[in-house]
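Single-structure report; data block below.
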Amino acid sequence: MTDTYILEFLLAIILIFGIFMSGVRRIKLLTQSFILQSLAISLSCIYLGYKTGENHFYIIALLSLITKVFLIPYIIKKSVRDLKINRELEPVIAPFYSYILSAIAVVITYYFLQDAPNHLVTTGSVLLVIGGTLIIGRKKAITQMIGFLTMENGVILIEISITQISLIIESIVVLEGLILALIMGIMIFHINRTFQSINTDQFSNPKE
Amino acid sequence: MTSIFVIMILSTLFLKKIKYISLISILGTAIITFMTLDITEYIHLNKSLSLYNNFIYLDSLSIIQLLIITLITFIALIYSHTYIKNELEENIITLNTAKLFYFMIIVFYFAMMFVSITNNIIAMWIAIEATTLSTAFLIGFNQNKLSLEAAWKYVIICSIGISLGFVGIIIFIYSAGSLDLSQIMNWTYLVDNAGSFNKITAQIAFTFIFIGIGTKAGLAPMHTWLPDGHSEAPSPISAMMSGILLNLALYMIIRFYIIIKMIDGLTNMKYLFIAFGCLSLLISAFSILKQTNYKRLLAFSSVENIGIISLGIGIGGPIGIFGALLHSLIHAVSKSLLFLVSGNILSQYKTKRIDRIERLIKTMPVNSIFLILGILAITGVPPFASFFSEYRILVAGITEGHYLAAGIFAFCLLLVFVGFINILFKMIFNGKAEEEYVACVKDKENVLPLYLTFILILYISFSYQGYLVSLIEEAAAIIL
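Line order of the protein sequences matches chains A and B.
Using numbering that gives the first Met the number 0, read the first sequence as starting at 0 and increasing by one per residue.
Using numbering that gives the first Met the number 0, read the second sequence as starting at 0 and increasing by one per residue.
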């Protein structure tokens, strides 16, 4: 395969996993697709580093590998084990419709970003939209967290393709993603302890 | 300055008695306040200050933010001293939670100061993200159902907003074209080279930044986390967040707006400010009229005031921007006063509902005086400075030709005034005639921060010939 095809292949994998994630209900499956998606992102970082010969891509790839493929799924698995839940029984948008919604989102995003410099930007934006649908369309707090992490993945894709930011700042940005995931995990634990479930529609709405 | 922070943080980790931790924090904050006043004097003479190879850059705009941050944190920490002491005595929280509270407040304080002094736009973003992280725990401090819901909503919505803001900053840097890469993240450098920006991408970038960071600032329709967040947080935290954090997010947007203004052909961006400002005003004014929870009422009032400031910046012109900056100062101080008073009322009555509180003038006379003064200050009654700031924004709106915006502004101000006066009468003066109302003992405690805040309000409202006016004028000149 020639050079461009490797990158596009990886991006296609990221995209497929993204659309796949928008429709599944089992949390284990969601976590695994998230892991594979982050792995693909790290691989594309490494590939970009190899092609352009700049060191900072390798370091970002290493950082995202460690945080998104190992640490964050570990946090998620720990929360899931404590909660003893397996699947999201009634999401707000049925899986069938959320597949269609993500497909439409992909088409619209690609249309608007036709003249973007490279494909990474469009893939990143699609990930943003899919993450957004995950957050809005689901009730369990843990899928909302995974949706947010997907959005972060999209942001990283856009970021590495467009600019050259100094290394310290990029690593701090990745670290902040990790700390956010930690905080969300701790809050899910507290929510579970107080509400006995993590369905967010059980939250009372104090709008009196 | 950093050493003081390190000392404060280490003290929370190692000391055992809360009283000492609290006193060290208050002392540290006081020292930093004096240092800030020193720097203000310096900037007044030299117009700007930059250190560490342009990583830190201070001008009048940053100094206004720094003053707000240090003064209000100082007062909030004084209030927290008795607040946490009460919570510990009544065994509502454990010692470790209290230590975590102070730790998070100091991190929050440091992050906020970092936003206003740094020159690097990505470092600004990192610091704002750090404020989200530290306040997440502080909102859910009470650990009951409502607080956890509020904290979760806050984390999710603000994190989405900040991610969108980050995308915006990235696109912004990209649209700067081929500039010197080692300097491209410095704000001062970008301002000087604003001519070489790619117009369309800069517009897209600024819109992303506006909507993303606007989520943190509480502009409608991204404000949905605000009523829950600010009403469930403990009162000193609500005061700090309402008074400082919302302002700081707007400050960040304004920094980018200054760069955008230097690119020609982009004067349409101010309509973003005007549109979202009017929307915030309308939504909050109508929500204030039907509130039954006084802390939610104050939270919606924050949305309204941020709408006013945003409207002022959007309308522009020297009068409008002066009004907006003055309003951000007076709002910070009066909103903190109101939140601290409501904290006292809450600790006495243990309920947030308006209809369960009556005859405050008899049961808590000192607090009700401050409540009346605070409400007058927030709704823009003369002689408080809020009247002058809102008046200026109104005049600027009419002279610049934005008649619809000025009309909406005046209408909403009236609605808010009516709403607040209604609440005032219900809570303070109403009561059954036969019942005996006795002044509570708790009224007298924790009043020192209220006095301090009120002194600040008076200073801002009356020191018209001074120092403060020239400071704001310089800052306005930067924005123009």
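Ideal Cβ positions, reconstructed from N, Cα and C, are used throughout, including at glycine.
Asked: To the nearest angstrom, report how far apart Ile427/B and Ile360/B are at their CA atoms.; Found: 5 angstroms
Asked: Below 8 angstroms between beta carbons is the criterion; list the residues of the region 173-196 of chain A that meet it against any residue of chain B, in chain order.; Found: Glu175, Ile178, Leu179, Ile182, Met183, Met186, His189, Ile190, Thr193 and Phe194
Asked: List the residues of chain E that Ala150/B touches, going by C-beta distances under 8 angstroms, in chain order.; Found: Considering every chain present, this structure includes no chain E. Its protein chains are A and B.
Asked: Under 8 angstroms between beta-carbons, which chain A residues line up against Phe165/B? List them in chain order, please.; Found: Val154, Glu158 and Val172
Asked: So the candidates are Tyr256/B, Ile121/B, Leu296/B and Phe321/B; which of them puts its Cα closest to the Cα of Ile171/A?; Found: Ile121/B
Asked: Using a Cβ-Cβ cut-off of less than 9 angstroms, give me the residues of the region 216-231 of chain B that come near chain A, in sequence order.; Found: Pro226, Asp227, Ser230 and Glu231
Asked: If you drop the 5 nearest sequence neighbours on each side, which residues of the same chain put their C-beta closer than 6 angstroms to that of Tyr57/A?; Found: Gly48
Asked: Rounded to whole angstroms, what's the CA-CA distance from Ser24/B to Met34/B? Just pull it up for me.; Found: 15 angstroms
Asked: Report the three-state DSSP secondary structure of Ile422/B (helix, strand or coil).; Found: helix
Asked: To the nearest angstrom, how far is the alpha carbon of Asn152/A from that of Val120/A?; Found: 12 angstroms
Asked: With 8 angstroms as the threshold, decide whether the Cβ of Glu40/B is near any Cβ in chain A.; Found: no
Asked: Output needed in chain order: residues of the region 140-154 of chain A with a Cβ under 7 angstroms from some Cβ in chain B.; Found: Ala140, Gln143, Phe147, Met150, Glu151 and Val154
Asked: Using alpha carbons as the reference points, say which of Ser124/A, Leu174/A and Arg137/A lies closest to Ile71/A.; Found: Leu174/A
Asked: Quick one: Cα of Phe73/B to Cα of Pro235/B, how far?; Found: 10 angstroms
Asked: Could you work out which residues of chain A lie near Val154/B, taking near to mean beta carbons separated by less than 7 angstroms?; Found: Ile182, Met183 and Met186
Asked: For the candidate residues Ile318/B, Ile329/B and Gly418/B, whose alpha-carbon lies nearest to that of Ile67/B?; Found: Ile329/B
Asked: Tell me the rounded alpha-carbon separation between Ile459/B and Leu393/B.; Found: 20 angstroms
Asked: Which residues in the same chain have their Cβ closer than 7 angstroms to the Cβ of Ile168/B, if we skip the five residues on either side of it in sequence?; Found: Ile120, Ile121, Trp124 and Ile208
Asked: Please list the segments of the alpha helix (DSSP H) lying wholly inside the region 105-193 of chain B, counting only runs of 4 or more residues, in order along the chain.; Found: 120-138, 144-174 and 186-191
Asked: Note down, in chain order, each residue of its chain lying with its Cβ closer than 6 angstroms to the Cβ of Tyr153/B, except the 5 sequence neighbours on either side.; Found: Ile138, Trp224 and Gly228
Asked: Helix, strand or coil for Leu57/B, going by three-state DSSP, please let me know.; Found: strand
Asked: Give the straight-line distance between the Cα atoms of Ile134/A and Met20/A, rounded to the nearest whole angstrom.; Found: 12 angstroms
Asked: Mind checking Lys50/A: buried by the 16 CB within 10 Å criterion, or exposed?; Found: exposed
Asked: With DSSP as the reference, please indicate the residues paired to Asn292/B in a beta bridge.; Found: Arg352/B
Asked: Between Ile168/A and chain B, is there a C-beta pair that is closer than 8 angstroms?; Found: yes
Asked: Out of curiosity, what's the CA-to-CA distance linking Ser309/B and Phe299/B?; Found: 15 angstroms
Asked: If I measure Cβ to Cβ from Ala60/A and keep anything under 7 angstroms in the same chain, skipping five residues before and after, which residues do I get?; Found: Ser41, Cys44, Ile45 and Gly48
Asked: For the region 209-224 of chain B and the region 147-167 of chain B, state whether three or more C-beta atom pairs, one from each stretch, are separated by less than 8 angstroms.; Found: yes
Asked: So with CB distances below 9 angstroms, who are the chain A contacts of Ser158/B?; Found: Phe147, Met150, Glu151, Leu179 and Met183
Asked: Quick check on DSSP: helix, strand or coil for Arg192/A?; Found: helix
Asked: Let me know if Lys139/A comes out buried or exposed under the rule of 16 or more other beta-carbons within 10 Å of its beta-carbon.; Found: buried
Asked: Ser162/B touches chain A at which residues, Cβ-Cβ below 7 angstroms?; Found: Met150, Glu151 and Val154
Asked: Please go through the same chain and pick out, in chain order, the residues whose beta-carbon is closer than 8 angstroms to the beta-carbon of Tyr402/B, but skip the five residues on each side of it.; Found: Gly396
Asked: Which of the three DSSP states is assigned to Arg254/B in this structure?; Found: helix
Asked: Just to check my reading of the structure: Ala75/B and Ala331/B have Cβ atoms closer than 8 angstroms, yes? What is that Cβ distance to the nearest angstrom?; Found: About 11 angstroms separates the two Cβ atoms, so there is no contact after all.
Asked: So is Val105/A buried or exposed if we call it buried at 16+ other beta carbons inside 10 Å?; Found: buried
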